[in-house]
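Quick notes on the structure that follows.
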Amino acid sequence: MRQAGPKFETTDEVDFVIVGSGAAGGVLAKELSSNGFRVVVLEQGPYLTPDQFDHDDLHVFFENALTNKPQLQPTTFRKTSQDKANPQPAVMYGRCVGGSSVHFTANYWRFHEIDFIERSKHGPVAGTGFADWPIPYADLEPYYTKVEWEVGVSGLAGASPFDPPRSKPYAYPPLPVKSGGVIFERAAQKLGWHPFPAPMAILSKPAAGRGACVHCGYCLGFGCEVGAKSSTLASVIPIAERTGRCEIRPDSNVFRIETNERGRVTGVAYFDSQKRQQFQKAKVVVVSANGAETPRLLLLSASKLFPNGLANSSGLVGKYLMPNSFLEVFGVYEHPLNDYKGAAVSRILHDFYEAGAQNGYCGGGGLDSRLAVTPVGFGLGGLPSDAPTWGSAYKSLLREYFTRTMSVSTHGTSLPVESNSFSLDPDLKDAWGLPALRVTFTDHPDDLKNTAFLMARALEIHQAAGARKTWHQPVQETQFFVHLLGTCRMGNDSKTSVINADHRAHDVPNLFLCDGSSFVTSGRGQPTMTIQALAYRAADRITALAKRGDLSV
């Protein structure tokens, strides 16, 4: 049930406006309001409650019930800056209170120590802006632990020999292993690898008024009607509202951050649900709108003082887009697995986390077992390319394959390339008359090599497990983006980064950016837990700055 939070007037100068209520924004709202500050969270999507979540594939996937809507927020795509950008759906993110944490798979591993210092260990990579993070893993470890215990993560500490150091076990025991996980585990062990229970942001036991997982199978793309999935909607936003100092204001599409003559932020302009322009005054603005909409908002906020976009003296706002590589290898087995039931993932392995070092490229990744697909989804795109697409033969194959299929999914690195970017399209407008998002992206050759390497390992697992048949899409260039990382990177040098290690904009002292855009490198997939650890850490830093009076307008 939605909590009754306060209602602030737009003329009230609140302490913080947070743009976005997803993985980072929800955490920041809870932390800052709990620390005594008055907070308004502006979310472009609706405020949905668990009783509104259903298992309607058509509503969720074809009407974009929980995500950005191409008819309202069109995008264009091109491979290079010399190409013409053509309209096409290119980006997906959550568009509701809770953001993408409402509809995500909830696969939740920590980044490893190497992810923060890979440039120092590997050396430069041609064609990239490869860099170390300004913070080490050790700085984030307490905050990873806080995510696991406050947001809610189920797993088994010490189950993987490759796990980074940790100070506490997981908050909840691992979810039950599925049939596909058993097959994956046995095959991987046969190959000499080290599978382990997947850390999942899904409760294996009821807690804090939230239910445990009921194993319905409707995780990826859907909201959780029992609150077991640890979205910010289910976990931290209710706490923020209960403080009496945090207002969640849905259906609020922020289009500009305003500044004064001193270059300090004074508040944000937004369209309300009736497309009326509003302005919310604030002492500090925190943008957690995701790795696409955060840089877009900064570029939309250009002014005489900031002609290239707010906080963009480096010219790097929107640059270094990293999406994480992903590819699924499917296998069909002799006996029913019913792998569509339960949480999407139950077993993973990290034996190839640094595979590139031994194979002539930079990168690596993980593998997991899953069948994160519903009956309608499988019927429309789950069968092999040589399968019939109509009639009795199609129906017969669907009946046989749906219950007997599992996938081994690959999750890998994306290298930071400056020309890979989000920018404003000069021609196309969205439903509010604002320049649409333009995507420019060409995969780095090492990323394609890494995907091919991991795909081969996925095939080995299916072969070792005795799959009757395997199939997959070819390794191909990325033109659709879900993990939106690196587009306002953090760093110590204002010439080569947008924000500092505290998430404070180098150019604007009372502006903070915290979401996937803050990343310096992509990790090996599953960025949400790191986004939330960064948000907890940022909240501590912001609170300390505010309490010593260092955030004045």
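Per our numbering, residue 295 is the first one in the sequence shown, and the count goes up by one each step. All residues carry an ideal CB built from backbone N, CA and C; glycine is no exception. Only a predicted model underlies this, so the values are computations on that prediction, with no experimental measurement involved.
With burial defined as no fewer than 16 other Cβ atoms inside 10 Å of the residue's Cβ, what is the status of phenylalanine 747: buried or exposed? Buried, since its Cβ has 16 or more Cβ neighbours within 10 Å.
Starting from the N-terminal side, write out each stretch of the alpha helix (DSSP H) that is 4 residues or longer and does not extend beyond the segment 369 to 431. Those alpha helix (DSSP H) runs which fall completely within the segment 369 to 431 and span 4+ residues are 408 to 416.
Could you tell me which uninterrupted alpha helix (DSSP H) segments, each at least 4 residues in length, are contained entirely in the segment 422 to 477, listed from first to last along the chain? Within the segment 422 to 477, the complete alpha helix (DSSP H) runs of at least 4 residues are 431 to 440.
Compare the Cα-Cα distances from isoleucine 477 to each of Val559, Ile411, Asp662 and report the closest residue. Of the candidates Val559, Ile411, Asp662, the one whose C-alpha sits nearest the C-alpha of isoleucine 477 is Asp662.
I need the boundaries of the beta strand (DSSP E) containing asparagine 744, first residue and last residue. Counting along the chain, asparagine 744 falls outside any beta strand (DSSP E), though it belongs to the alpha helix (DSSP H) covering 739 to 759.
Just curious, the alpha helix (DSSP H) that serine 608 is in, first and last residue? From DSSP, serine 608 is part of no alpha helix (DSSP H); its letter is neither H nor E.
Given leucine 514, which residues of its chain have a CB within under 8 angstroms of its CB, disregarding the five upstream and five downstream residues? So the qualifying residues of the chain are His397, Phe398, Thr399, Ala638, Ala666, Val667.
Could you check whether leucine 593 and leucine 497 sit closer than 7 angstroms to each other, using their CB atoms as the reference points? Result no, Cβ atoms of leucine 497 and leucine 593 do not sit closer than 7 angstroms.
Which of the three DSSP states, helix, strand or coil, is assigned to proline 589? Look at proline 589 here: in three-state DSSP terms it is helix.
With three or more beta-carbon pairs closer than 8 angstroms as the criterion, would you say the segment 781 to 789 touches the segment 718 to 737? The segment 781 to 789 and the segment 718 to 737 do not touch, with fewer than 3 CB-CB distances between them shorter than 8 angstroms.
DSSP three-state call for phenylalanine 620: helix, strand or coil? Here phenylalanine 620 carries a strand assignment [DSSP, helix/strand/coil].
By DSSP, does leucine 342 sit in helix, in strand, or in coil? Residue state, collapsed to three classes: coil.
Go ahead and pull the three-state DSSP assignment for valine 670. Here valine 670 sits in helix by DSSP.
Would DSSP call serine 597 helix, strand or coil? In the three-state scheme derived from DSSP, where H, G and I count as helix and E and B as strand, serine 597 is classed as coil.
Alanine 827 and tyrosine 438: beta carbons closer than 7 angstroms? In this structure, tyrosine 438 lies closer than 7 angstroms to alanine 827 by Cβ.
Are valine 308 and proline 544 close, meaning C-beta to C-beta below 7 angstroms? No, Cβ-Cβ distance for valine 308 and proline 544 is not below 7 angstroms.
Taking the alpha-carbon positions, what's the threonine 824 to threonine 588 distance? Threonine 824 and threonine 588 have their C-alpha atoms roughly 17 angstroms apart.
Is leucine 839 helix, strand or coil by DSSP? Judged by DSSP in its simplified three-state form, leucine 839 adopts helix.
Could you have a look at valine 335 and say whether DSSP puts it in helix, strand or coil? Correct three-state label for valine 335: strand.
Which residue's Cα is closest to the Cα of lysine 841: Lys789, Ala379, Lys577? With distances taken between Cα atoms, lysine 841 lies closest to Lys577.
Among the candidates Leu691, Gln574, Glu712, whose CA atom is the shortest distance from the CA of lysine 373? Check the Cα spacing between lysine 373 and each of Leu691, Gln574, Glu712: the tightest is with Glu712.
Using the DSSP secondary-structure output, state which residues sit across from methionine 823 in a beta bridge. The beta-bridge partner set that DSSP reports for methionine 823 is empty.
Return the residue from the list His644, Trp765, Ile755 that minimises the CA-CA distance to alanine 270. Since the displayed the chain opens at 295 and closes at 847, residue 270 lies outside it and no answer follows.
Determine the DSSP secondary structure at glutamate 771, reduced to helix, strand or coil. Taken through DSSP and simplified to helix, strand or coil, glutamate 771 comes out as coil.
In angstroms with no decimal places, state the Cα-to-Cα distance between proline 436 and valine 508. Each residue's Cα considered, the two are about 30 angstroms apart.
So, at 7 angstroms on beta carbons, what are the nonlocal neighbours of methionine 295 in its own chain, with the 5 sequence-adjacent residues on each side left out? Residue placement at methionine 295 cannot be trusted, given a pLDDT of 49 that sits under 50; what the coordinates show is reported in the next sentence. Hits under 7 angstroms: Thr343.
Any idea what DSSP makes of lysine 484, helix, strand or coil? Helix at lysine 484.
Could you tell me which of Phe696, Thr304, Ala687 sits nearest to glycine 676, measuring between CA atoms? With distances taken between Cα atoms, glycine 676 lies closest to Phe696.
Assigned secondary structure, histidine 777 (DSSP; H/G/I helix, E/B strand, else coil): Per DSSP, reduced to three states, the secondary structure at histidine 777 is coil, with no helix or strand assignment.
With DSSP collapsed to three states, give me the class of alanine 833. Here DSSP, grouped into helix, strand and coil, assigns alanine 833 to helix.
CB contact flag (glycine 474, aspartate 633, <7 angstroms): Taking a C-beta distance under 7 angstroms as the contact criterion, glycine 474 and aspartate 633 qualify as a contact pair.
Coarse secondary structure for tyrosine 647, derived from DSSP in three states: Coil at tyrosine 647, not helix or strand.
My parser needs the alpha helix (DSSP H) runs of 4 or more residues fully inside the segment 531 to 572; what are they? You should have 531 to 536.
If we ignore side chains and look at the alpha-carbon of each, how far apart do histidine 290 and glutamate 622 end up? As displayed, the chain neither begins before 295 nor continues past 847, which places residue 290 out of reach and without an answer.
With distances taken between CB atoms, is the gap from valine 313 to isoleucine 542 smaller than 7 angstroms? Result no, Cβ atoms of valine 313 and isoleucine 542 do not sit closer than 7 angstroms.
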